[in-house]
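Q: If you read the protein sequences in the order shown, they are chains A and B. If you count by the working numbering, then the first sequence holds residues 550 to 790, one letter each, in order. If you count by the working numbering, then the second sequence holds residues 550 to 790, one letter each, in order. Think of the CB as a built atom: it goes at the ideal place given N, C-alpha and C, for glycine as much as any other residue. Bear in mind that the values here come from a model prediction, so they are computed numbers and not experimental data.
There are 2 protein chains.
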Amino acid sequence: MLDNIRVVLINTFHPGNIGAAARAMKNMGLSQLYLVEPEIFPSKEADSRAAGAKDLLENAVVVNSLEEAIADCQLVIGTSARTQRTFDLPLLPAREGAEQVVGEAKSGPVALVFGRETMGLHNHELQQCNIHVYIPANPEYPVLNVSQAIQLLCYEIFMAADNKSYKSVQEEYPRQKEMSLFYEHLEKVLRMTNFIIPQHEGKVLDKLHRFFNRSRPERTELNMLRGILTSVEETVDKKND
Amino acid sequence: MLDNIRVVLINTFHPGNIGAAARAMKNMGLSQLYLVEPEIFPSKEADSRAAGAKDLLENAVVVNSLEEAIADCQLVIGTSARTQRTFDLPLLPAREGAEQVVGEAKSGPVALVFGRETMGLHNHELQQCNIHVYIPANPEYPVLNVSQAIQLLCYEIFMAADNKSYKSVQEEYPRQKEMSLFYEHLEKVLRMTNFIIPQHEGKVLDKLHRFFNRSRPERTELNMLRGILTSVEETVDKKND
C-alpha cells in the first residue's frame with residue numbers, strides 16, 4: 550500500500566534537499582520518488598544526504614512536468630504553507646491529509662506534491678491537486694524546509710498506515726504480598742532509626758505507600774531495596790551490641 | 550509554556566544540522582537551544598540552514614556537559630532510535646512523549662535531548678533521562694537525520710500544545726540538581742551501612758539511579774526520602790559515639 554504513494558518534488562534547487570527527502574521517505578517506508586526538472590541531479594551532495602536511502606535516488610523517476618509525474622494517480626495532494634483556502638479545494642492539516650492518503654492508496658497511486666524551496670507550488674500546479682495539505686506551524690515563521698515538510702508528511706502517513714502501538718517488554722513485577730512484606734520491613738527500619746516516632750506518626754507510611762505503588766519497582770529492584778533495609782538493620786544492631 | 554521546553558544537542562558534528570534544528574524549532578514555536586560541545590559553532594553553514602531562525606543560534610547556550618544543560622529541568626526526555634526498553638525507563642512513541650512534555654512544561658523546564666549523528670546518546674546520557682522517546686519508523690531503516698527527528702518531535706509538541714485535551718500536571722517535581730544531591734546522599738548512607746563495599750561496588754548505584762529516575766519522586770516525596778537518609782545517618786553516628 551505504501552508503494553502506491555509517491556513523492557513529487559518540483560524544481561528542487563539544492564541537491565541536498567533531494568537526498569534528505571529520499572532518506573526521510575525511506576525512514577517512513579516510502580520508496581517512490583519523482584523529480585520534476587531538478588536543478589542538479591544526480592549529485593554527490595544528494596547521495597551524501599540520502600545516507601542509507603541511495604536506492605531511492607537510483608530509482609527516482611525524472612520527468613519534465615508535473616502532469617507527467619501524476620498522470621496515473623487517482624489522488625493528488627498539494628502541500629502548501631498557506632492555511633487559508635485559495636482554490637475552493639479542501640484544505641486539510643497534515644494528519645487528516647495523511648489519513649486520506651492512506652485510505653486511498655489501497656486502491657491506486659496517490660501523489661504528494663512539494664514545490665520549490667523559495668516559492669512552493671505555483672497556482673497552476675496547486676490547481677492540479679485534489680486536496681491541499683498544510684503543516685500546522687508557528688504563524689510567525691510557518692515555512693519549513695522542504696525536506697522537513699516531506700519528513701512530517703511521510704511520518705503522518707506512516708502513523709496512519711501503521712496504527713498499532715508498540716508493546717514494551719513485560720517486566721516481572723512483585724506480587725502484592727511481596728510489596729506488603731516490603732512495607733512492613735520499611736516501617737520496622739524507619740522506627741528503628743526514629744524516622745517514625747510513636748507519638749507523631751504522621752502520614753509518612755501512607756506517603757511511602759503511594760510513592761512505591763506508583764513507581765512500581767520490578768522484582769529485582771524490590772530485592773535490592775529489601776537488601777538496603779537489611780543493611781541498615783544490621784548496622785544499627787551491631788552498634789547496639 | 551513552549552518557552553519552558555529546550556532542545557539539547559550533544560556533540561553535533563555537522564554544523565548544518567544545528568542550523569536545520571534551529572529552523573525546525575522556530576517553525577514549531579520553540580526557542581531554547583542548548584549545545585553540548587558542538588564540533589563547530591558558530592558557523593556559516595549553520596546560519597545558512599537556519600534561514601529565518603538565526604536568532605535561535607545567537608541565543609543558543611553552549612555548555613560542556615549534559616549535566617549543565619539539564620541541571621534546572623524537572624523532566625528530561627532522551628530520544629533514541631531503539632524501540633525496545635533498555636534501561637527500564639518508560640519508552641514512549643513521539644506523540645505520547647510530546648503530550649507528556651506539554652503537560653509538564655506548564656510548571657517548569659523540560660529538556661529534549663538528541664545525540665550524535667553517528668551514534669545517538671551514550672548509555673550514561675540515556676540514564677540521566679526520565680523517559681525515552683522514539684519515532685515510529687520503517688524497521689528496515691529507522692534512523693532519521695537528527696534535524697528531522699527534532700522537526701518531528703517539535704511538531705508533535707506543537708500539535709499537543711494546540712490540543713486542549715492534554716492533561717496538565719499538578720505535582721511539583723525536583724530539579725535534576727536536587728536529584729544529584731539525593732543520589733550523593735543515598736550513596737553516602739549506603740557506604741555507611743556497608744550496603745556498598747569498596748571492593749565490590751557492583752551496579753547498585755546504576756540500578757538505584759534507574760529506579761528513581763523512572764519513578765520520579767515528587768518534591769515532597771524526595772524531601773521525605775532525604776529525611777529517611779538523614780535519620781539513618783544520625784542513628785548510625787549516635788551508635789558510633
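Is the shortest distance between the beta-carbon of B:E770 and the beta-carbons of chain A less than 7 Å?
A: The residue labelled residue 770 of chain B in the question sits at position 221 within the second sequence. True, the Cβ-Cβ gap to chain A drops below 7 Å.
Q: Give the secondary structure of A:I554 by DSSP, where H, G and I count as helix, E and B as strand, and everything else as coil.
A: Within the first sequence, residue 554 of chain A is the residue found at index 5, counting from 1. Residue state, collapsed to three classes: strand.
Q: Using the beta-carbon count (16 or more within 10 Å), is B:Q677 buried or exposed?
A: Working through the second sequence from its first residue, we reach residue 677 of chain B at position 128. It is buried - the Cβ of B:Q677 has at least 16 other Cβ atoms within 10 Å.
Q: Near A:K713, what residues of its chain come up, given a Cβ to Cβ distance below 7 Å and the 5 sequence neighbours on each side ignored?
A: Here residue 713 of chain A refers to the residue found at position 164 when the first sequence is read from its first residue. Summary for A:K713: the model assigns pLDDT 42, below 50, so the residue's position carries little reliability; its value from the coordinates is reported in the next sentence. Closer than 7 Å at the Cβ level, and outside the excluded window around A:K713, lies no residue.
Q: Once you ignore the five residues that flank B:Y732 on each side, which residues in its own chain have a CB closer than 7 Å to its CB?
A: Locating residue 732 of chain B in the second sequence gives position 183, counting from the first residue. H758.
Q: Considering just the uninterrupted stretch of the alpha helix (DSSP H) at B:Y704, what are its terminal residues?
A: In the second sequence, residue 704 of chain B corresponds to position 155, counting from 1. Segment V695 to D711, the alpha helix (DSSP H) holding B:Y704.
Q: Measuring only the C-alpha atoms, how far is A:T784 from B:E616?
A: Locating residue 784 of chain A in the first sequence gives position 235, counting from the first residue. Locating residue 616 of chain B in the second sequence gives position 67, counting from the first residue. Taking the straight line from one Cα to the other gives about 34 Å.
Q: Shorter than 7 Å from the beta carbon of B:G568 to some beta carbon of chain A?
A: In the second sequence, counting from the first residue as 1, residue 568 of chain B sits at position 19. No, no contact with chain A.
Q: Quick one: which chain B residues come within Cβ less than 7 Å of A:V695?
A: Here residue 695 of chain A is taken as the residue at index 146 of the first sequence, counted from 1. Ordered by position in chain B, no residue passes the 7 Å Cβ test against A:V695, which lies about 12 Å from the chain.
Q: Quick check on the DSSP output: the alpha helix (DSSP H) that includes A:Q581 runs from which residue to which?
A: Walking along the first sequence from the start, residue 581 of chain A turns up at place 32. It is not in any alpha helix (DSSP H) - A:Q581 instead sits in the beta strand (DSSP E) that spans Q581 to V585.
Q: Does A:P688 pass the burial test, meaning 16 or more other C-beta atoms within 10 Å, or should it be called exposed?
A: Taking the first sequence and counting its residues from 1, one reaches residue 688 of chain A at position 139. By the neighbour-count rule (16 or more Cβ atoms within 10 Å), A:P688 is not buried but exposed.
Q: If you draw a straight line from the alpha carbon of B:S629 to that of A:R775, how long is it in whole angstroms?
A: The residue you call residue 629 of chain B lines up with position 80 of the second sequence. The residue you call residue 775 of chain A lines up with position 226 of the first sequence. If I take the Cα positions, the gap works out to 32 Å.
Q: Below 7 Å between beta carbons: does that hold for A:A600 and A:R572?
A: Locating residue 600 of chain A in the first sequence gives position 51, where the first residue counts as 1. Locating residue 572 of chain A in the first sequence gives position 23, where the first residue counts as 1. Yes, they are a contact pair.
Q: Residues in the stretch 567 to 599 of chain B with C-beta within 7 Å of chain A's C-beta atoms, listed in sequence order?
A: Listed by position along the chain: A569, R572, A573, K575, N576, M577 and G578.
Q: Would you check if the distance between the CB atom of A:Y704 and the CB atom of B:L701 is smaller than 7 Å?
A: Mapped onto the first sequence, residue 704 of chain A falls at position 155. Mapped onto the second sequence, residue 701 of chain B falls at position 152. Yes, these two residues count as a Cβ contact at 7 Å.
Q: State buried or exposed for A:G568, treating a residue as buried only when at least 16 other CB atoms are found within 10 Å of its CB.
A: Position 19 of the first sequence, counted from the start, is the residue given in the question as residue 568 of chain A. By the 10 Å Cβ count, A:G568 comes out buried.
Q: Beta strand (DSSP E) containing B:A686: first to last residue?
A: Counting from 1 along the second sequence, the entry for residue 686 of chain B is found at position 137. From DSSP, B:A686 is part of no beta strand (DSSP E); its letter is neither H nor E.
Q: With DSSP as the reference, label A:R763 as helix, strand or coil.
A: Counted from its first residue, the first sequence places residue 763 of chain A at position 214. A:R763 falls in the helix class under three-state DSSP.
Q: A:Q700 touches chain B at which residues, Cβ-Cβ below 7 Å?
A: Your numbering for residue 700 of chain A matches position 151 in the first sequence. Here the neighbours are Q697, Q700 and L701.
Q: State yes or no: is the C-beta of A:G578 within less than 7 Å of the C-beta of A:L551?
A: The residue you call residue 578 of chain A lines up with position 29 of the first sequence. The residue you call residue 551 of chain A lines up with position 2 of the first sequence. Taking 7 Å as the Cβ cut-off, A:G578 and A:L551 qualify as a contacting pair.
Q: Should B:T769 go down as buried or exposed, given a rule of 16 or more other Cβ atoms within 10 Å for buried?
A: Position 220 of the second sequence, counted from the start, is the residue given in the question as residue 769 of chain B. With fewer than 16 other Cβ atoms within 10 Å, it is exposed.
Q: Alpha carbon to alpha carbon, what distance is there between A:I554 and B:L771?
A: If you number the second sequence from 1, residue 771 of chain B lands on position 222. If you number the first sequence from 1, residue 554 of chain A lands on position 5. Rounded to the nearest angstrom, the two C-alpha atoms are 52 Å apart.
Q: Comparing alpha-carbon positions, which option in B:F663, B:E607 and B:N608 lies nearest B:G627?
A: Locating residue 627 of chain B in the second sequence gives position 78, where the first residue counts as 1. Selected option, being the one with the closest Cα: B:F663.
Q: Between A:K603 and chain B, is the shortest Cβ-Cβ distance under 7 Å, so that the two count as touching?
A: Position 54 of the first sequence, counted from the first residue, corresponds to residue 603 of chain A. No, A:K603 does not count as interfacial toward chain B.
Q: DSSP puts A:P642 in a beta bridge; with which residues?
A: Residue numbering aside, residue 642 of chain A sits at position 93 when the first sequence is read from its first letter. A:P642 is bridged to A:Y683.
Q: Rounded to a whole number of angstroms, what is the C-alpha to C-alpha distance between A:S614 and A:R665?
A: Position 65 of the first sequence, counted from the start, is the residue given in the question as residue 614 of chain A. Position 116 of the first sequence, counted from the start, is the residue given in the question as residue 665 of chain A. Cα to Cα, the separation comes out at about 14 Å.
Q: Is the closest heavy atom of the ligand NAD to the C-beta of B:N789 under 6 Å?
A: The ligand NAD is not part of the structure shown, which contains no ligands of any sort.
Q: Assuming A:G568 is part of the alpha helix (DSSP H), what are its boundary residues?
A: Locating residue 568 of chain A in the first sequence gives position 19, counting from the first residue. Where A:G568 is concerned, the enclosing alpha helix (DSSP H) stretches over P564 to N576.
Q: For B:V556 and chain A, any beta-carbon pair shorter than 7 Å?
A: Position 7 of the second sequence holds residue 556 of chain B. Taking Cβ atoms only, chain A never reaches closer than 7 Å to B:V556, which makes this a no.
Q: First and last residue of the alpha helix (DSSP H) that includes A:G627?
A: For the purposes of this step, residue 627 of chain A is taken as the residue at position 78 of the first sequence. Unbroken run through A:G627 is the beta strand (DSSP E), L624 to T628; no alpha helix (DSSP H).
Q: Check whether the Cβ of A:A647 lies closer than 7 Å to any Cβ atom in chain B.
A: Counting from 1 along the first sequence, the entry for residue 647 of chain A is found at position 98. Judged by the 7 Å Cβ criterion, A:A647 is not in contact with chain B.
Q: Please name the residue, chosen from B:I699, B:Y683 and B:S656, that lies closest to B:K575 on a Cα-to-Cα basis.
A: Translated into the one-based positions of the second sequence, residue 575 of chain B becomes position 26. Comparing Cα-Cα distances from B:K575 to each of B:I699, B:Y683 and B:S656, the minimum goes to B:I699.
Q: With a cut-off of 7 Å, does the C-beta of A:S764 fall near any C-beta of chain B?
A: Indexing the first sequence from 1 puts residue 764 of chain A at position 215. Chain B contact via Cβ: present.
Q: Take the Cβ of A:N620 as the centre, count every other Cβ of all protein chains shown within 10 Å, and call the residue buried at 16 or more, exposed below.
A: Position 71 of the first sequence, counted from the first residue, corresponds to residue 620 of chain A. The sequence as given places Ala at residue 620 of chain A; Asn does not occur at that position. That one is exposed.
Q: Is A:I746 close to chain B, meaning its C-beta is less than 7 Å from at least one C-beta of that chain?
A: Counting from 1 along the first sequence, the entry for residue 746 of chain A is found at position 197. With 7 Å as the cut-off, A:I746 does not count as an interface residue toward chain B.
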